[in-house]
Every structure is written in C-alpha cells, then in structure tokens.
Amino acid sequence: MNWIFGFLIISGILFAVFNGKIGEVTSIIINATSDGVLRTFNLIGILTLWLGVAKIAEKSGLLKTFTRILEPLVRPLFPDIPRGHPALGAILMNFSANLFGFGSAATPFGLKAMQELQKINPYKDTASASMCTFLAINTSSITLIPTTIIAIRAEAGSSDPAEVIGTILFATGFSTLAAVVADYYFRKRYSAYR
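Last residue of the sequence shown: number 230 in my numbering, and the count goes up by one each step with no gaps.
Structure, rendered in structure tokens:
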C-alpha cells in the first residue's frame, strides 16, 4: 500500500512539474495540512464527549446490563468457553461498547478478552476457535450508533450528521453476519482435519 500511495504522490507532483502547476501543488499541500490539524482539534472535543459518555455507561452499569442481555445471543458462538469464565464477560463488554460506537472504550475489553481466551487455549502457539470467532466479529463490529462518524460529519458541517445510522447499521449487520458465517464455515472445515 505504501508503494501505491508513494507512486500516486510522486507521479502527481511530477505531472504538476511538467505542466507548470507546481505552485498549485504547494498551495494545496499547505492548505490540506492546515485543514487536517484544524479538523483533528475539532474532533478531539466531540470524541472526548463520547468517551466520557462511554465511561459513564461503564461506571453506571449500563454496559454490564447490556452485556447480560447479549449473553444468551452470543453464548452459542463460543461453546468452548466455560460458563462463568471472565473471557465471555470481556467479550460481551467489547461487543456492547462496539454496538454503541465506543471503539476506544472497546479496545481494553478486547485485549482483556484475548488474554482470558489465551488462558483456556490448549494450544498456546495457535489461536483457538474462540479467539478467531471473537476477532472476526470484533473486526466486522455491528454498530447501532456510529459516534465517531457522526462526530466527523458534524464537524464537517452536515445538516443531519446522524442520517447515516440506518445505512451503517445495515452495512455492519451484514458484515457481522458474513463474519459469523465465514467463521462457522472455516471452523467446521478446520475441525475436519484435526
């Protein structure tokens, strides 16, 4: 990927040099970097607000309540995790945080889930089936409220920054379904060779 982007940048600059428009390239570079810095600072406030909301949801027990609601739905995906094991709690907390678009808040739960899954992994040098399932679902991550995208759209001046919620729910729902189906297929295929 670095080679592709490097090629595009260098070829664009060379094209500008040969067409006598290097001054425009310099102006665009300066304006783009300035806009990037301003956009970053504007997003810090919005993301700080949502991370604060995520922390309140965690401390108030809202995420734990949602985790209890999700457990019966998620349990069949992880049959090799013993009941009451902390790995399932960390997985569910991660899923809950991702559902609400709190990606930064979900990361520590994801790391904790992987640590706990490694403790019950019989093959320490290979990812377990539960680890693969968790990674597939965490990567596809169904999202009810995409807080980061809403924040970016609000900062960019969108008249309705939340209008993408339905589209994102649809897309992430299907991506999560695809991840679960692919995981199930490969789990069955792999278990046939053991």
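Heads up, the beta-carbon is just placed ideally off N, CA and C, and yes, glycines get one too.
Item: Tell me where the alpha helix (DSSP H) around residue 125 begins and ends.; Value: 122-135
Item: Give the DSSP-derived three-state secondary structure of residue 155 in the structure shown.; Value: helix
Item: Could you have a look at residue 182 and say whether DSSP puts it in helix, strand or coil?; Value: coil
Item: Work out the CA separation of residue 165 and residue 223 for me, nearest whole Å.; Value: 7 Å
Item: Just checking, does the segment 120-129 make contact with the segment 147-156 on the three C-beta pairs under 8 Å criterion?; Value: yes
Item: Kindly confirm or deny that the segment 71-78 and the segment 90-105 touch, where touching means at least three C-beta pairs closer than 8 Å.; Value: no
Item: If we ignore side chains and look at the alpha-carbon of each, how far apart do residue 39 and residue 45 end up?; Value: 10 Å
Item: Have a look at residue 138 and residue 132 and give me their C-alpha separation to the nearest angstrom.; Value: 9 Å
Item: With residue 49 and residue 61 assumed to form a contact (beta carbons below 8 Å), what rounded beta-carbon distance in angstroms separates them?; Value: 6 Å
Item: State the DSSP-derived secondary structure class of residue 229, mapped to helix, strand or coil.; Value: Note on residue 229: pLDDT 49, under 50, position unreliable in the model; no value is reported.
Item: Under DSSP, the alpha helix (DSSP H) around residue 37 begins and ends at which residues?; Value: That residue, residue 37, is in no alpha helix (DSSP H); it is neither H nor E in DSSP.
Item: Judging by CA-CA distance, which residue of 193, 85 and 221 is the nearest neighbour of residue 168?; Value: 221
Item: Flag this pair as yes or no: are the beta carbons of residue 175 and residue 215 separated by less than 8 Å?; Value: yes
Item: Report the CB separation of residue 126 from residue 152 in whole angstroms; it is logged as a contact under 8 Å.; Value: 6 Å
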